[in-house]
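Asker: Residue numbers (the working numbering): 8 to 178. All C-beta atoms, glycine included, are put in the ideal place defined by N, C-alpha and C. The structure presented is a predicted model; accordingly, all values stated were derived computationally and were not measured. This is the structure I want to talk about, given as C-alpha coordinates.
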(Lines of atoms letter the chains of each structure in order from A and count residues from 1; the text may use other names and numbers.)
(Lines give C-alpha, C1' and ligand atoms only; values in the text may rest on other atoms or scores of the structure.)
Protein backbone atom coordinates (compact mmCIF):
# COMPACT_ATOMS: atom_id res chain seq x y z
CA UNK A 1 0.00 0.00 0.00
CA UNK A 2 1.32 3.37 -0.99
CA UNK A 3 1.31 6.48 1.17
CA UNK A 4 0.34 9.56 -0.87
CA UNK A 5 2.93 12.35 -0.97
CA UNK A 6 1.84 15.21 1.27
CA UNK A 7 4.14 17.70 -0.42
CA UNK A 8 1.33 18.33 -2.89
CA UNK A 9 -1.05 19.36 -0.10
CA UNK A 10 1.35 21.61 1.84
CA UNK A 11 -0.27 24.84 0.64
CA UNK A 12 -3.77 23.49 1.36
CA UNK A 13 -2.70 22.32 4.84
CA UNK A 14 -1.10 25.69 5.62
CA UNK A 15 -4.20 27.52 4.45
CA UNK A 16 -6.47 25.31 6.57
CA UNK A 17 -4.21 25.79 9.61
CA UNK A 18 -4.17 29.57 9.08
CA UNK A 19 -7.97 29.55 8.87
CA UNK A 20 -8.33 27.54 12.11
CA UNK A 21 -5.83 29.76 13.97
CA UNK A 22 -7.64 32.87 12.71
CA UNK A 23 -10.98 31.46 13.86
CA UNK A 24 -9.57 30.73 17.31
CA UNK A 25 -8.01 34.19 17.65
CA UNK A 26 -11.26 35.79 16.44
CA UNK A 27 -13.29 33.77 18.94
CA UNK A 28 -10.96 34.86 21.77
CA UNK A 29 -11.23 38.50 20.71
CA UNK A 30 -15.03 38.31 20.41
CA UNK A 31 -15.34 36.59 23.79
CA UNK A 32 -13.20 39.24 25.51
CA UNK A 33 -15.42 42.01 24.07
CA UNK A 34 -18.54 40.09 25.09
CA UNK A 35 -17.23 39.57 28.63
CA UNK A 36 -16.32 43.26 29.05
CA UNK A 37 -19.75 44.35 27.81
CA UNK A 38 -21.50 41.82 30.03
CA UNK A 39 -19.58 43.03 33.08
CA UNK A 40 -20.47 46.65 32.27
CA UNK A 41 -24.15 45.71 31.96
CA UNK A 42 -24.03 43.77 35.25
CA UNK A 43 -22.47 46.75 37.07
CA UNK A 44 -25.07 49.11 35.61
CA UNK A 45 -27.84 46.69 36.57
CA UNK A 46 -26.49 46.44 40.11
CA UNK A 47 -26.36 50.24 40.40
CA UNK A 48 -29.91 50.58 39.10
CA UNK A 49 -31.23 47.89 41.46
CA UNK A 50 -29.54 49.67 44.37
CA UNK A 51 -31.03 53.00 43.33
CA UNK A 52 -34.48 51.47 42.87
CA UNK A 53 -34.45 49.88 46.31
CA UNK A 54 -33.20 53.16 47.82
CA UNK A 55 -35.97 55.11 46.07
CA UNK A 56 -38.60 52.66 47.30
CA UNK A 57 -37.34 52.96 50.87
CA UNK A 58 -37.14 56.76 50.58
CA UNK A 59 -40.69 56.93 49.24
CA UNK A 60 -42.01 54.83 52.11
CA UNK A 61 -40.11 56.90 54.68
CA UNK A 62 -41.15 60.21 53.14
CA UNK A 63 -44.80 59.17 53.25
CA UNK A 64 -44.37 58.19 56.89
CA UNK A 65 -42.85 61.56 57.91
CA UNK A 66 -44.54 63.88 55.42
CA UNK A 67 -46.18 66.07 58.09
CA UNK A 68 -43.11 66.29 60.32
CA UNK A 69 -40.68 68.97 59.20
CA UNK A 70 -37.84 68.76 61.70
CA UNK A 71 -37.08 65.05 61.76
CA UNK A 72 -34.63 62.81 59.94
CA UNK A 73 -36.61 61.36 57.04
CA UNK A 74 -34.00 59.24 55.31
CA UNK A 75 -30.43 57.99 55.66
CA UNK A 76 -27.87 58.29 52.86
CA UNK A 77 -24.62 56.38 53.48
CA UNK A 78 -21.64 57.47 51.36
CA UNK A 79 -18.43 55.44 51.21
CA UNK A 80 -15.13 57.29 51.17
CA UNK A 81 -11.96 55.91 49.65
CA UNK A 82 -9.95 53.81 52.05
CA UNK A 83 -6.15 53.81 51.97
CA UNK A 84 -3.92 50.93 52.99
CA UNK A 85 -0.70 51.23 55.01
CA UNK A 86 1.29 52.20 51.89
CA UNK A 87 -1.17 54.98 51.04
CA UNK A 88 -2.74 53.29 48.03
CA UNK A 89 -6.51 53.30 47.61
CA UNK A 90 -8.33 50.06 48.34
CA UNK A 91 -10.85 49.42 45.57
CA UNK A 92 -14.10 47.61 46.37
CA UNK A 93 -16.31 46.13 43.68
CA UNK A 94 -19.79 47.57 43.14
CA UNK A 95 -21.62 44.67 44.77
CA UNK A 96 -19.57 44.98 47.95
CA UNK A 97 -20.11 48.75 48.07
CA UNK A 98 -23.85 48.29 47.64
CA UNK A 99 -24.02 45.65 50.37
CA UNK A 100 -21.98 47.78 52.80
CA UNK A 101 -24.21 50.81 52.17
CA UNK A 102 -27.31 48.67 52.64
CA UNK A 103 -26.08 47.33 55.98
CA UNK A 104 -24.99 50.76 57.25
CA UNK A 105 -28.39 52.17 56.26
CA UNK A 106 -30.15 49.31 58.04
CA UNK A 107 -28.16 50.00 61.22
CA UNK A 108 -28.89 53.74 61.09
CA UNK A 109 -32.60 53.38 60.39
CA UNK A 110 -33.12 53.60 64.16
CA UNK A 111 -32.46 57.34 63.81
CA UNK A 112 -35.39 57.87 61.44
CA UNK A 113 -38.08 60.08 62.90
CA UNK A 114 -35.79 61.64 65.49
CA UNK A 115 -35.38 65.38 65.71
CA UNK A 116 -32.68 66.96 63.56
CA UNK A 117 -31.83 69.20 66.51
CA UNK A 118 -30.65 66.16 68.50
CA UNK A 119 -28.00 65.21 65.94
CA UNK A 120 -25.23 65.77 68.49
CA UNK A 121 -26.43 63.01 70.80
CA UNK A 122 -27.56 60.84 67.89
CA UNK A 123 -24.16 61.02 66.25
CA UNK A 124 -22.49 59.86 69.45
CA UNK A 125 -24.89 56.92 69.64
CA UNK A 126 -24.31 56.06 65.98
CA UNK A 127 -20.54 56.23 66.41
CA UNK A 128 -20.69 53.97 69.45
CA UNK A 129 -22.91 51.51 67.61
CA UNK A 130 -21.10 51.46 64.27
CA UNK A 131 -17.44 52.32 64.81
CA UNK A 132 -15.32 49.22 64.31
CA UNK A 133 -18.44 47.17 63.68
CA UNK A 134 -17.71 44.00 61.77
CA UNK A 135 -19.95 43.10 58.85
CA UNK A 136 -19.45 39.42 58.04
CA UNK A 137 -20.53 37.30 55.13
CA UNK A 138 -20.23 39.92 52.40
CA UNK A 139 -19.11 37.84 49.43
CA UNK A 140 -16.73 35.77 51.51
CA UNK A 141 -15.05 38.63 53.40
CA UNK A 142 -15.56 40.54 56.62
CA UNK A 143 -15.36 44.32 56.76
CA UNK A 144 -15.05 46.93 59.48
CA UNK A 145 -16.39 50.43 59.07
CA UNK A 146 -15.46 53.77 60.56
CA UNK A 147 -17.82 56.74 60.48
CA UNK A 148 -16.04 59.89 59.36
CA UNK A 149 -18.77 62.53 59.10
CA UNK A 150 -22.50 62.85 59.76
CA UNK A 151 -24.53 65.72 58.35
CA UNK A 152 -28.24 66.48 58.22
CA UNK A 153 -29.32 68.44 55.18
CA UNK A 154 -32.93 68.75 54.00
CA UNK A 155 -34.03 66.12 56.51
CA UNK A 156 -31.56 63.59 55.06
CA UNK A 157 -28.90 62.15 57.36
CA UNK A 158 -25.77 61.80 55.24
CA UNK A 159 -23.13 59.51 56.70
CA UNK A 160 -19.62 59.25 55.25
CA UNK A 161 -17.78 56.09 56.23
CA UNK A 162 -14.66 54.16 55.37
CA UNK A 163 -14.60 50.40 55.09
CA UNK A 164 -11.63 48.11 55.37
CA UNK A 165 -11.22 44.39 54.87
CA UNK A 166 -10.82 42.55 58.15
CA UNK A 167 -7.72 40.37 58.04
CA UNK A 168 -8.33 36.84 59.32
CA UNK A 169 -6.43 36.01 62.47
CA UNK A 170 -3.71 33.37 62.09
CA UNK A 171 -4.50 30.17 63.80
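1) I need the boundaries of the beta strand (DSSP E) containing residue 145, first residue and last residue.
2) Exposed or buried, what is residue 97 when buried is set at 16 or more other beta-carbons lying within 10 Å of its beta-carbon?
3) Taking the alpha-carbon positions, what's the residue 54 to residue 138 distance?
4) Do you know how far the Cα of residue 108 is from the Cα of residue 156?
5) For residue 152 versus residue 169, is the C-beta distance shorter than 8 Å?
6) May I have the straight-line CA-CA distance separating residue 88 from residue 159, to the nearest angstrom?
7) Please determine if the stretch 31-39 and the stretch 72-82 are in contact, where contact requires at least 3 C-beta pairs separated by less than 8 Å.
8) Where does residue 77 fall in DSSP's three states?
9) Determine the extent of the alpha helix (DSSP H) in which residue 10 is found, giving its start and end residues.
10) Look at the Cβ atom of residue 119, then the Cβ atom of residue 68, and state whether they are nearer than 8 Å.
11) Figure out for me which residue from 72, 18 and 17 has the closest Cα to the Cα of residue 161.
12) Please classify residue 18: does DSSP put it in a helix, a strand, or coil?
Answerer: In brief:
1) Numbered from 1 along the chain shown, position 138 holds the residue referred to as residue 145. Where residue 145 is concerned, the enclosing beta strand (DSSP E) stretches over 140-145.
2) Here residue 97 is taken as the residue at index 90 of the chain shown, counted from 1. Its Cβ having fewer than 16 others within 10 Å, residue 97 is exposed.
3) Locating residue 54 in the chain shown gives position 47, counting from the first residue. Locating residue 138 in the chain shown gives position 131, counting from the first residue. Answer to the nearest angstrom: the Cα atoms are 26 Å apart.
4) Taking the chain shown and counting its residues from 1, the one referred to as residue 156 is at position 149. Taking the chain shown and counting its residues from 1, the one referred to as residue 108 is at position 101. Distance between residue 156 and residue 108, taken at the CA atoms: about 15 Å.
5) Here residue 152 refers to the residue found at position 145 of the chain shown. Here residue 169 refers to the residue found at position 162 of the chain shown. Closer than 8 Å, so yes.
6) On the chain shown, residue 88 is found 81 positions in, with the first residue counted as 1. On the chain shown, residue 159 is found 152 positions in, with the first residue counted as 1. Approximately 21 Å, taken between the alpha carbons.
7) Judged by Cβ distances under 8 Å, the stretch 31-39 makes no contact with the stretch 72-82, as fewer than three pairs qualify.
8) The sequence position of residue 77 within the chain shown is 70, counting from 1. In the structure shown, residue 77 sits in coil (DSSP, three-state: anything other than H, G, I, E or B).
9) Locating residue 10 in the chain shown gives position 3, counting from the first residue. Segment: none, residue 10 is in no alpha helix (DSSP H) and carries neither H nor E.
10) As a first step, residue 119 is located in the chain shown; it is residue number 112 there, counting from the start. As a first step, residue 68 is located in the chain shown; it is residue number 61 there, counting from the start. In this structure, residue 68 lies closer than 8 Å to residue 119 by Cβ.
11) The count along the chain shown starts at 1 and reaches residue 161 at position 154. Of 72, 18 and 17, the residue nearest in Cα terms is 72.
12) The residue given as residue 18 occupies position 11 in the chain shown. Three-state result, residue 18: helix.
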